[in-house]
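Written below as structure tokens is the structure these notes are about.
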Amino acid sequence: MLDSQAIDLRNYQLIVFDIDGTISGSDHIIDPFTKETLFRLRDAGFPFTLATGKSLPGTIAQADLLQVDLPLVLINGGMLQTRKGTVLDAVTLPEKIVWQVVDVCEKEDSDLVLYIGDGIYFKAMNENIRPVYGHITRGLQPVGSWVKIAHKMGKVNKCLVVDTDDHDNLVKMGSIFKNAFKDTVEVLHTSAVLVEVMPKGTNKLKGLKKLCQKLDIPLSKVMAFGDYDNDVEMLSAAGLGVAVSNASTRAKEASDLIIGSVEEQGPARFLAELLNRLPA
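Now the structure itself:
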């Protein structure tokens with residue numbers, strides 16, 4: 170692990186934050202101190218953006234609060250999109266695989282969510298899905314039957330299974346998907362209550378690389394913050410990968426530095442210290 174005292178903020182040209190579990194807790198609220206610090210960061214000449222597994226509807230509140238002007242890395246790297254809605258890059262799953270996921274979830278009686286552009290589609294809101302999506306105020310699309318959106322199945326960015334009660338069921342679903350699809354897709358547990366099926370090669374690092382290419386910033390000049398397994402590639406490859414103390418074991422192992430937890434506003438306090446060390 171690096172010594173935080175040896176880190177000079179001036180060595181970095183882009184700061185990237187995961188959201189849930191990193192700069193906001195389970196209430197999805199960004200602390201005023203974090204907002205103040207990130208504004209200080211940008212005013213000092215250090216631009217930042219967000220990298221999340223969510224699509225724009227689930228990210229817009231935080232992106233607007235922080236006035237993020239750079240493109241957002243959304244859907245675990247599967248989409249680059251501005252908070253105003255402009256899509257710069259997006260990948261989709263093969264339609265055949267989407268229907269296979271639907272069939273598996275129907276057979277296993279699991280709650281499936283499909284991300285299609287700015288839409289978040291599910292059969293019906295229930296007490297399992299509500300804790301994950303109940304706070305989102307736009308983009309939610311209960312469809313009743315998947316057949317009703319058959320014409321959209323070729324445009325799915327990712328499939329996601331929610332289980333807020335039974336983690337063992339999520340593990341089982343992940344195994345089913347891996348056995349069914351082999352190496353043709355990415356299957357990843359992105360939180361304790363979610364398992365996702367994404368296009369092959371999709372991860373936050375891939376999305377970050379596309380953003381860096383657009384901004385002409387080398388990856389070595391990126392400081393990235395994260396907390397979970399879907400941050401691992403990004404944390405490992407960034408010039409400085411920083412995990413919060415509440416991070417998963419894999420995220421911590423992939424990082425150069427471990428800081429305070431999300432509850433302690435770890436990223437903001439760490440960055441405030443770096444800002445305070447800058448010459449006047």
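According to this note's numbering, the stretch in the sequence shown is residues 170 to 449, in order. Cβ coordinates follow ideal geometry from the N, Cα and C atoms, glycine included.
Beta-carbon proximity of residue i to residue j, cut-off 7 Å
| i | j | result |
| --- | --- | --- |
| Ile428 | Leu183 | no |
| Thr218 | Val185 | yes |
| Asn399 | Asn297 | no |
| Val242 | Leu339 | no |
| Asp280 | Val331 | yes |
| Ile305 | Val312 | no |
| Gln434 | Asp272 | no |
Residue i burial status per 10 Å Cβ neighbour count (16 or more: buried)
| i | result |
| --- | --- |
| Val301 | buried |
| Ser344 | exposed |
| Ile198 | exposed |
| Ala393 | buried |
| Met124 | No information on residue 124 is available, as it lies outside the stretch 170 to 449 that the chain covers here. |
| Met322 | buried |
| Ser314 | exposed |
| Phe202 | exposed |
Supposed contact pair residue j and residue i - C-beta distance, whole angstroms, cut 8 Å
| i | j | result |
| --- | --- | --- |
| Met403 | Asn326 | Not really, about 18 Å apart at Cβ, beyond 8 Å. |
| Asn445 | Val431 | Incorrect: roughly 21 Å between the Cβ atoms, too far for contact. |
| Arg252 | Ala220 | Rounded, the Cβ-Cβ distance is 14 Å, inconsistent with contact. |
| Val364 | His358 | 5 Å |
| Leu409 | Leu426 | 7 Å |
Beta-ladder partner(s) of residue i, from DSSP
| i | result |
| --- | --- |
| Phe291 | Val282, Pro311 |
| Asp258 | Leu249 |
| Pro263 | Answer by DSSP bridge pairing: none, since Pro263 is not bridged. |
| Thr218 | Val185 |
| Leu234 | Answer is none; Leu234 lacks a bridge partner. |
| Cys328 | Leu283, Val366 |
| Ser360 | Leu363 |
| Val413 | Ile428 |
| Ile199 | Ser193 |
Reduced DSSP category for residue i - H, G, I as helix; E, B as strand; rest coil
| i | result |
| --- | --- |
| Gly408 | coil |
| Ile428 | strand |
| Ser193 | strand |
| Ile305 | coil |
| Ile244 | helix |
| Glu355 | strand |
| Ala393 | strand |
| Ile345 | helix |
| Ile318 | helix |
| Ile229 | helix |
Cutoff 7 Å: residue i Cβ touching any chain D Cβ
| i | result |
| --- | --- |
| Glu433 | Of the protein chains in the structure, only one exists, and it is not chain D. |
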